[in-house]
Amino acid sequence: MKKKTYHHGNLEEALLQVGMKEAKATGSRKLGVTQLARLVDVTPMAVYRHFPSGENLKAAISQQAREELARRMATAVAQEADVKKRFMATGREYIRFGLEEPGLFSVAFVNCSELPSRPDNPSARTILHDAILDLCNEGLVKTEEVESVAHFAWSIVHGFTMLAGDADSYRPEAHAEGIEEVLERAWLGITRYSKK
Numbered sequence: 000m001k002k003k004t005y006h007h008g009n010l011e012e013a014l015l016q017v018g019m020k021e022a023k024a025t026g027s028r029k030l031g032v033t034q035l036a037r038l039v040d041v042t043p044m045a046v047y048r049h050f051p052s053g054e055n056l057k058a059a060i061s062q063q064a065r066e067e068l069a070r071r072m073a074t075a076v077a078q079e080a081d082v083k084k085r086f087m088a089t090g091r092e093y094i095r096f097g098l099e100e101p102g103l104f105s106v107a108f109v110n111c112s113e114l115p116s117r118p119d120n121p122s123a124r125t126i127l128h129d130a131i132l133d134l135c136n137e138g139l140v141k142t143e144e145v146e147s148v149a150h151f152a153w154s155i156v157h158g159f160t161m162l163a164g165d166a167d168s169y170r171p172e173a174h175a176e177g178i179e180e181v182l183e184r185a186w187l188g189i190t191r192y193s194k195k
């Protein structure tokens, strides 16, 4: 049976779409070249015309997952006018994405030995940094603290998401009130602490 042929550009998009579908359903377990080629009905060799390696393909799918996270964060931030609410929205949407889309979340941060061919656009990291720069403009964070605050904030929301999404019996409760308390404590830690 003859495999499908794709016009220029179509196969790359098809592979990314089916890769995202697989990531959503099963995380990173079924993102190999052979599996994805079978799902779009082409030979594995056809994949290498668009992606130089399986790791490059996985990195591109990982990037798609991160960009989906970033789009959701940007939408949440755009609905808020207050600087605190915008900052809290970045963390809230990060946690929500991780708990509602565990497959995509795991793929967004899967270890790849190769980097994607372009920067993330949109970028979740940039959205977080912009929210912290807003705090600088309000005098709540010093300019030289932006990187350390970003690391702190990301560690809290990422760590909470990983723990809450785990099967461990000691995992934190991921109800709305608990998430808000974590975010509030992060806010207080960031805005009340400053290096002397």
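Per numbering that gives the first Met the number 0, the very first residue in the sequence shown carries number 0; after that it's consecutive.
Glycine included, each C-beta is placed from N, C-alpha and C at the ideal position.
What residue from the options has the CA that sits closest to residue i's CA?
{"i": "Leu14", "options": "Leu38, Glu183, Gly26", "result": "Leu38"}
{"i": "Thr89", "options": "Thr190, Val156, Arg184, Gly188", "result": "Val156"}
{"i": "Gly164", "options": "Leu103, Gln78, Ala77, Arg28", "result": "Leu103"}
{"i": "Arg65", "options": "Phe96, Pro51, Thr42, Leu35", "result": "Phe96"}
{"i": "Ala175", "options": "Glu21, Leu10, Thr160, Asn55", "result": "Thr160"}
{"i": "Lys20", "options": "Asp167, Ile126, Glu54, Glu67", "result": "Glu67"}
{"i": "Ala24", "options": "Glu100, Arg48, Thr190, Thr33", "result": "Glu100"}
{"i": "Ser236", "options": "Ser154, Gln63, Arg71, Lys141", "result": "Residue 236 lies beyond the range of the chain shown here (0 to 195); nothing can be said about it."}
{"i": "Gly196", "options": "Glu137, Ala45, Val106", "result": "No information on residue 196 is available, as it lies outside the stretch 0 to 195 that the chain covers here."}
{"i": "Val148", "options": "Glu180, Ala173, Leu187, Asp167", "result": "Leu187"}
{"i": "Phe108", "options": "Glu137, Leu134, Trp153, Lys141", "result": "Trp153"}
{"i": "Gly26", "options": "Phe151, Leu98, Ser112, Glu137", "result": "Leu98"}
{"i": "Leu56", "options": "Ala80, Phe151, Glu180, Gln16", "result": "Gln16"}
{"i": "Glu180", "options": "Ile94, Asp167, His150, Ala166", "result": "Ile94"}
For residue i, is the classification buried or exposed, using 16 other Cβ atoms within 10 angstroms of its Cβ as the cut-off for buried?
{"i": "Asn110", "result": "exposed"}
{"i": "Ala77", "result": "exposed"}
{"i": "His49", "result": "buried"}
{"i": "Ile178", "result": "buried"}
{"i": "Glu92", "result": "buried"}
{"i": "Leu30", "result": "buried"}
{"i": "Ala185", "result": "buried"}
{"i": "Tyr192", "result": "exposed"}
{"i": "Arg85", "result": "buried"}
Our contact map puts residue i next to residue j with C-beta atoms below 8 Å; I'd like the distance itself, whole angstroms only.
{"i": "Ala58", "j": "Leu10", "result": "Contact flag wrong, Cβ pair sits at about 17 Å."}
{"i": "Ile60", "j": "Ala22", "result": "6 Å"}
{"i": "Ile126", "j": "Val145", "result": "Contact flag wrong, Cβ pair sits at about 14 Å."}
{"i": "Val32", "j": "Val46", "result": "5 Å"}
{"i": "Leu139", "j": "Thr190", "result": "5 Å"}
Taking Cβ to Cβ, would you say residue i is nearer than 8 Å to residue j?
{"i": "Arg70", "j": "Pro118", "result": "no"}
{"i": "Arg170", "j": "Leu162", "result": "yes"}
{"i": "Met72", "j": "Ala123", "result": "yes"}
{"i": "Ser112", "j": "Glu54", "result": "yes"}
{"i": "Val82", "j": "Asp129", "result": "no"}
Tell me the start and end of each unbroken alpha helix (DSSP H) in the region 116-148 that is at least 4 residues and wholly inside, in chain order. 123-136
Margin query: I'd like the ranges of any alpha helix (DSSP H) spanning at least 4 consecutive residues and lying wholly in the region 32-99.
Written below: 32-38, 43-46, 53-77, 82-99
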